[in-house]
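A short worksheet on the structure shown next.
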Amino acid sequence: DPSCLVRVRAAFHIELHPSKLHDVETGVREHLNAMLFKYQDDLESFVMAYDGVKIATANANIHPYFPLVHVEARANVLLFKPTVGSMLVGRVFKIASDFIGLLVLGVFNASIAADAVGKDYKLKPGVRLCRQCALFLLLFHWLFQTQQLS
Numbered sequence: 134d135p136s137c138l139v140r141v142r143a144a145f146h147i148e149l150h151p152s153k154l155h156d157v158e159t160g161v162r163e164h165l166n167a168m169l170f171k172y173q174d175d176l177e178s179f180v181m182a183y184d185g186v187k188i189a190t191a192n193a194n195i196h197p198y199f200p201l202v203h204v205e206a207r208a209n210v211l212l213f214k215p216t217v218g219s220m221l222v223g224r225v226f227k228i229a230s231d232f233i234g235l236l237v238l239g240v241f242n243a244s245i246a247a248d249a250v251g252k253d254y255k256l257k258p259g260v261r262l263c264r265q266c267a268l269f270l271l272l273f274h275w276l277f278q279t280q281q282l283s
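Position in the sequence shown counted from 1, then plus 133, gives you this note's numbering.
What follows is the structure in C-alpha cells.
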C-alpha cells in the first residue's frame, strides 16, 4: 500500500486536569486533537485522524498527591506508519541540484538525494529550468522507496 495508512483501535492513558471533569469526553478529544499530525512514540507512527472515542474509565480517582486525573479511553485511529523500504507517492514541490523535495499525503516532507535519482532526471550544474518547465515538473507525482526515516 503506497499510502502507509493503517487503521487500528488504540487505548490511551490520558491525564486530565480536574477542571475538565465536567465534560470528560471533550477533555479526551482535546488531548487526542493535540496528537494529530505528530509522531507518537507509543504508536510508532503519526496520528492522522480518529473517531469512535469511548471512555473506558467509569470512576476516576482524585489523589491528594497527583494533580491530574487518569482516564482510560479507546478510539479508532488512522495512522501514517512508513517503514524503511515502504513505497510512497509524493508530489514534487521543489527541484534543486542536490535533491528533489516531495510532499507525501499533502502533509509530510520527503526528499530524494541527487545520487538516488537516475542520471536522466538530474539538473546539470549551471543549467536553469525555464519557468514553464519548472511549473510542469511540479505537477509530477513520484513513487519512491523510503531509505531512511527521521
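Ideal placement from N, C-alpha and C gives every residue a C-beta, glycine not left out. Keep in mind the model is a prediction, meaning the values are calculated, not measured.
- Ranking Phe199, Pro200, Ile233 by CA distance to the CA of Ala249 puts Ile233 first.
- A residue is called buried when at least 16 other Cβ atoms come within 10 angstroms of its Cβ; Ile195 does not meet this threshold and is exposed.
- DSSP places Gly234 outside any alpha helix (DSSP H); the residue lies instead in the beta strand (DSSP E), whose first and last residues are 232-237.
- About 14 Å separates the beta carbon of Met181 from that of Leu221, a gap too long to meet the 8 Å contact definition.
- Between the alpha carbons of Arg224 and Asp174 lies a distance of about 27 Å.
- Per DSSP, reduced to three states, the secondary structure at Lys187 is strand.
- Residue Val141 holds the alpha-carbon nearest to the alpha-carbon of Asp184 among Gln280, Leu282, Ala229, Val141.
- In the three-state reduction of the DSSP assignment, His164 falls in the helix class.
- According to the DSSP assignment, Leu221 belongs to the beta strand (DSSP E) that extends over 220-228.
- Where Ala144 is concerned, the enclosing beta strand (DSSP E) starts and stops at 138-149.
- Exclusion of the five residues before and after Val161 leaves Phe145, Ile147, Leu149, Val186, Ile188, Val204, Ala206 as the residues of its chain whose Cβ lies within less than 8 Å of its Cβ.
- Inter-residue distance for Ile245 and Leu138 is about 21 Å (C-alpha atoms, whole angstroms).
- In this structure, the beta-carbon distance from Val210 to Ala143 falls below 7 Å.
- A straight-line Cα-Cα distance of about 18 Å links Val157 and Phe199.
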